[in-house]
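Residue numbers (the working numbering): 7 to 141. Even for Gly, the Cβ is constructed at its ideal location relative to N, Cα and C.
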Amino acid sequence: MSISFDEYYVKFESFTERHYIKSFSKKYKSSWAETEGSMVSFLSRIDTVLGNTTRAEIVYAKGCKKIIKLDFKIAGSNESAKTSGNRAVVFVDDNQKECRVLLVYSKNDISSPNETQKWQAIIKENYSDIWSIFS
């Protein structure tokens, strides 16, 4: 899925579409489409919301490029984004005004201990071009 707004262009990478998004879509049916739309809306204005919310944190930054971790909730659920255990790992390029959603997962998919190390290994293996920017 690719959507362009006036602000940042948001793209869900095919890797994440094939893996965890497939299970989110199956499990949450129509709520997933609304959730995905909310994520796109949020990410399309990442430059203005980053730093003003606890939903997204910069994990790595080098020049105009960042990897952020975004907490999100499923549309219609009563959980907060933080407590839901749902995360997205996003590559942000401020020069290109682009957000590439690299990974979407729940804590049931990638769990403790070492959640961060596990998603980093997935990014390193599947997006070596991006990972090399920060290593």
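Asked, Found
"Starting from E6 and walking both ways along the beta strand (DSSP E), at which residues does that stretch end?", "A query on residue 6 cannot be resolved here, the shown segment of the chain reaching from 7 to 141 and no further."
"Comparing alpha-carbon positions, which option in G69, I116 and K72 lies nearest R93?", "I116"
"Roughly how many angstroms lie between the CA atoms of I73 and V98, to the nearest whole one?", "6 Å"
"Is the separation between the beta-carbon of F48 and that of N132 shorter than 8 Å?", "no"
"Starting from the Cα of K88, find the closest Cα among T60, Y66, Q123 and E19 and give me that residue.", "T60"
"Applying the 10 Å Cβ sphere with the 16-neighbour rule, what's the burial state of S10?", "Low confidence applies to S10: its pLDDT is 49, below 50, so where it sits in the model is not reliable, and the reading given next is rough at best. By the neighbour-count rule (16 or more Cβ atoms within 10 Å), S10 is not buried but exposed."
"Taking a contact to mean a Cβ-Cβ separation below 8 Å, would you say V55 touches K75 in this structure?", "no"
"When we look at the beta-carbon of A127 and count the other beta-carbons within 10 Å, is it buried (16 or more) or exposed?", "exposed"
"Along the chain, where does the alpha helix (DSSP H) containing Y34 start, and where does it finish?", "K28 to Y34"
"Using three-state DSSP, classify R93 as helix, strand or coil.", "strand"
"With a Cβ-Cβ cutoff of 8 Å, do K28 and R106 count as a contact?", "no"
"Would S118 be called buried (16 or more neighbouring beta carbons within 10 Å of its own) or exposed?", "exposed"
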